[in-house]
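Those sequence lines, one after another, are chains H and L. Heads up: the first sequence begins at 1 in this note's numbering, then just goes up one per residue. Heads up: the second sequence begins at 374 in this note's numbering, then just goes up one per residue. Data block below; observations after.
Protein chains: 2
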Amino acid sequence: MSNDDARDHEPADAPSPGASQTISGIGSDYYTEEIHGPLEYFTIDAFELAEGETIRELEIAYATFGELNDAKDNAILFPHMYSGTSKDMEMYVGEGLALDPSEYFIILPNQIGNGLSTSPHNVGGPMGQGDFPDIRISDDIRAQHRLVTEKFRIEELQLVLGWSMGAQQTYEWAVRYPEMVRRAAPIGGTARNPVLSGLLVDALIMALETDPNWDDGYYENQRDLRRGLRHHARIWALMGTSAELWREESWRDAGFSSLDDFLFNLWDNWFLPMDPNDLRCMAWKWKHADVGRITDGDLAAALDRIEAKTYVMPFEKDYVFPVADCQREAEMISDSEFHPIPSPWGHFGMFGFDPSDFEFIDERLGELLAEPV
Amino acid sequence: MSNDDARDHEPADAPSPGASQTISGIGSDYYTEEIHGPLEYFTIDAFELAEGETIRELEIAYATFGELNDAKDNAILFPHMYSGTSKDMEMYVGEGLALDPSEYFIILPNQIGNGLSTSPHNVGGPMGQGDFPDIRISDDIRAQHRLVTEKFRIEELQLVLGWSMGAQQTYEWAVRYPEMVRRAAPIGGTARNPVLSGLLVDALIMALETDPNWDDGYYENQRDLRRGLRHHARIWALMGTSAELWREESWRDAGFSSLDDFLFNLWDNWFLPMDPNDLRCMAWKWKHADVGRITDGDLAAALDRIEAKTYVMPFEKDYVFPVADCQREAEMISDSEFHPIPSPWGHFGMFGFDPSDFEFIDERLGELLAEPV
């Protein structure tokens with residue numbers, strides 16, 4: 001990959017002012033292939049969760065780009081963040097980019113609970129809405145492992161990467177299946193969720209559950225919870241960014257004309273169409289992420305299992321997954337490099353609102369993929 | 374003042390695990406002189422607010438320490454922060470400390486809306502609860518000015534200081550009455566509220582207003598809003614501290630035995646007894662603080678009015694009033710020094726949970742008071 005190519009790339013799929021989400025996305029129209037697809041589905045008949053319950057006919061929705069080669073050794077797995085879908089990270093996939101589909105077979109799985117895979121809002125019967133069981137990161141990774149090994153017969157992944165909850169999944173992959181993961185790029189996330197990050201989850205869940213129409217999760221229409229969803233969105237605006245972004249009004253560079261424009265048409269626009277039970281499911285999973293569960297609570301022992309060449313890539317001004325928390329984990333991984341991403345956007349630097357953030361990340365991914373392992 | 378004396382001082386009045394607030398403070402028992410007094414009261418018959426309404430019989434509750442000398446030139450004014458009262462900052466007043474009542478006459482005024490001065494929950498008639506008008510920092514400072522000049526006939530203040538909203542009031546004093554303020558110490562706060570800090574206010578207000586029992590502020594009992602109050606408390610725990618505090622578990626050094634102990638017995642304990650309308654009143658005031666209103670929106674012109682020797686003292690890891698925002702303002706003040714406070718506690722370093730924070734602040738105040746002006 002040439003760096004010049006990357007610089008020419010416009011991350012056009014980043015959330016932008018006036019995205020169609022607002023118009024078409026409210027309520028039940030939001031979780032559709034029209035918006036997030038096209039998708040394929042991998043079904044597991046009876047999937048036992050880490051917490052004990054069994055989901056019947058668990059469906060993992062996923063998208064793929066490129067072709068799996070005959071040796072089945074050109075695969076990359078790229079799970080997504082909180083509130084996201086496979087669609088959201090497609091901006092990092094393209095010819096001339098590090099994740100080049102003419103070279104790699106790139107799988108983008110959807111999290112359990114994200115609204116496209118099996119989720120509180122789309123599952124019927126005894127597990128719908130407020131009855132949906134707690135899901136752990138390890139559940140997703142075990143389901144993704146079956147997708148990768150049973151559906152595609154892949155035995156090694158050239159790269160697992162992800163942002164935020166995608167980083168949590170990346171770490172879980174590298175610790176749980178170290179022999180399969182050649183390279184790992186956890187971006188803006190940690191292997192054990194920081195306490196601070198868990199407090200953010202608490203605040204986000206409280207915003208949803210305190211809504212007068214929450215009704216223990218048995219509401220009729222997600223739109224009735226728009227107050228809680230807006231509150232949730234505004235907490236994200238506060239914590240998902242950085243002091244510098246607000247002080248310097250760097251959001252203007254991304255095309256927002258005023259503070260209200262930015263708050264309504266980015267943050268509210270992003271979260272208002274979503275299902276609160278689905279968000280709550282992902283939030284609980286995020287809060288409880290901890291690879292140390294694989295090694296009886298010993299984080300260092302867990303991270304010592306990692307065989308992958310690992311680029312630990314925090315955002316320098318991230319409030320949610322602070323850079324020092326990421327660095328501490330990087331030091332516990334035998335073959336790791338530490339590449340903090342300079343961005344005024346804090347945690348949300350991943351979207352490439354500042355094109356130089358996108359370029360920085362894409363370049364590091366290109367370097368990592370070029371590393372011999 | 375000797376530094377050794379300061380180091381020996383134990384800030385025993387900081388909020389602590391198991392403070393009596395929980396037991397005695399729920400609901401209407403909280404805003405009493407038993408907990409926050411003793412207090413005196415200054416009454417203004419008809420006080421016209423910046424936003425236009427008139428409060429009849431506005432009462433400013435205040436506490437004093439020491440004696441006003443015959444020349445009336447030994448006075449210090451020390452307003453308080455959000456959710457606070459005059460009682461909360463008494464820990465900085467004492468023999469051997471910078472604010473020594475054997476030398477100075479120290480006035481601690483209570484904010485309009487804080488629950489002890491005229492406030493939504495204690496005013497009857499047409500302005501109670503959800504009908505209480507919006508109050509501005511300038512309203513408080515004009516009322517305090519009348520207290521200082523009419524009640525005590527004071528024409529100069531040796532020092533005005535305060536933390537957070539107390540810093541906002543300090544700036545308003547120094548800009549509005551520059552000829553009266555000899556020295557100023559805004560601690561962990563700014564002259565114009567940062568956008569980020571306003572977003573925090575929005576989140577705090579949403580936490581209260583989204584409570585199912587909010588009822589536009591016309592609830593019967595503040596205890597019915599405990600869910601919103603707890604949510605509000607947890608957002609403060611998240612934003613009022615620093616990543617380091619959580620990563621290093623520095624809260625253990627302050628005597629908390631577990632994370633739950635810390636969350637329930639500091640944060641929830643602090644906010645649960647309070648009146649949501651009173652909090653909302655202070656929060657709106659905080660969000661809209663801006664000394665530039667005195668100079669047609671020109672912040673630099675406003676800060677250029679300051680004649681006081683000014684120590685700008687942000688907390689190095691403060692999320693709410695970021696250090697760079699404070700520094701930018703310090704550079705606009707002609708006779709200012711910049712003294713960032715190193716503390717893992719972020720915005721809440723003021724309480725001296727780490728005694729070295731208290732000592733640092735007390736020492737700087739001693740130096741400032743020793744400055745010739």
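Each residue gets a CB set at the ideal place from its N, CA and C atoms; glycine is no exception.
| Check | Outcome |
| --- | --- |
| Proximity to residue 454/L [Cα-Cα], best of 535/L, 474/L, 485/L and 508/L | 535/L |
| Residue 267/H versus residue 171/H - alpha carbon distance | 28 Å |
| C-alpha distance - residue 407/L paired with residue 460/L, whole-angstrom precision | 11 Å |
| Where the beta strand (DSSP E) containing residue 428/L begins and where it ends | 427-438 |
| For residue 480/L, the first and last residue of its enclosing beta strand (DSSP E) | 478-482 |
| Nearest residue (CA-CA) to residue 541/L, options 615/L, 716/L, 714/L and 666/L | 666/L |
| Beta carbon proximity, residue 347/H to chain L, threshold 9 Å | no |
| Meets three-Cβ-pair contact criterion under 8 Å: the region 202-222 of chain H and the region 666-682 of chain L | no |
| Where residue 239/H sits in the DSSP three-state scheme | helix |
| Simplified DSSP assignment, three categories, for residue 258/H | coil |
| Any chain H beta carbon closer than 9 Å to residue 692/L | yes |
| Three-state secondary structure assigned by DSSP to residue 681/L | coil |
| Closest residue to residue 514/L among 488/L, 465/L, 663/L and 585/L (Cα-Cα distance) | 663/L |
| Residue 99/H Cβ short of 8 Å to the ligand ATP heavy atom set | Annotation note on the ligand ATP: not contained in the displayed structure, which lists no ligands. |
| Minimum Cβ-Cβ distance from residue 297/H to chain L less than 9 Å | no |
| Segment contact flag, the region 104-113 of chain H with the region 62-82 of chain H, C-beta cutoff 8 Å, min 3 pairs | yes |
| Pick from 573/L, 575/L, 437/L and 643/L that is closest to residue 467/L, judged by C-alpha positions | 437/L |
| Cβ contact (3+ pairs, closer than 8 Å) linking the region 723-735 of chain L and the region 274-291 of chain H | no |
| Beta bridge counterpart(s) of residue 560/L as assigned by DSSP | 536/L and 686/L |
| Cα-Cα separation between residue 619/L and residue 613/L, rounded to whole angstroms | 12 Å |
| Cβ pair residue 316/H, residue 341/H closer than 9 Å | yes |
| Beta-carbon contacts of residue 635/L that lie in its chain and below 6 Å, excluding the five residues immediately before and after | 624 and 629 |
| Residue 54/H to residue 46/H span [Cα, whole Å] | 6 Å |
| Segment contact, 8 Å Cβ cut-off, at least three pairs: the region 684-700 of chain L with the region 566-576 of chain L | yes |
| Selected residue, minimal CA-CA separation from residue 424/L, among 588/L, 415/L, 465/L and 506/L | 506/L |
| Cross-strand partners of residue 466/L (DSSP beta bridge) | 472/L |
| Secondary structure of residue 530/L, DSSP reduced to three states | strand |
| Helix, strand or coil at residue 455/L according to DSSP, with G and I counted as helix | coil |
| Chain-order list of residues whose beta-carbon lies under 7 Å from that of residue 621/L (same chain, five-residue window excluded) | 717 |
| 9 Å Cβ cutoff met for residue 658/L and residue 571/L | no |
| Simplified DSSP state of residue 324/H, which is helix, strand or coil | helix |
| Pick from 212/H, 254/H, 215/H and 204/H that is closest to residue 231/H, judged by C-alpha positions | 204/H |
| Inter-residue Cα distance where the pair is residue 724/L and residue 434/L | 22 Å |
| Residue-chain proximity (residue 276/H, chain L), Cβ-Cβ < 9 Å | no |
| Where residue 181/H falls: helix, strand or coil (DSSP) | strand |
| Which of helix, strand or coil DSSP assigns to residue 41/H | strand |
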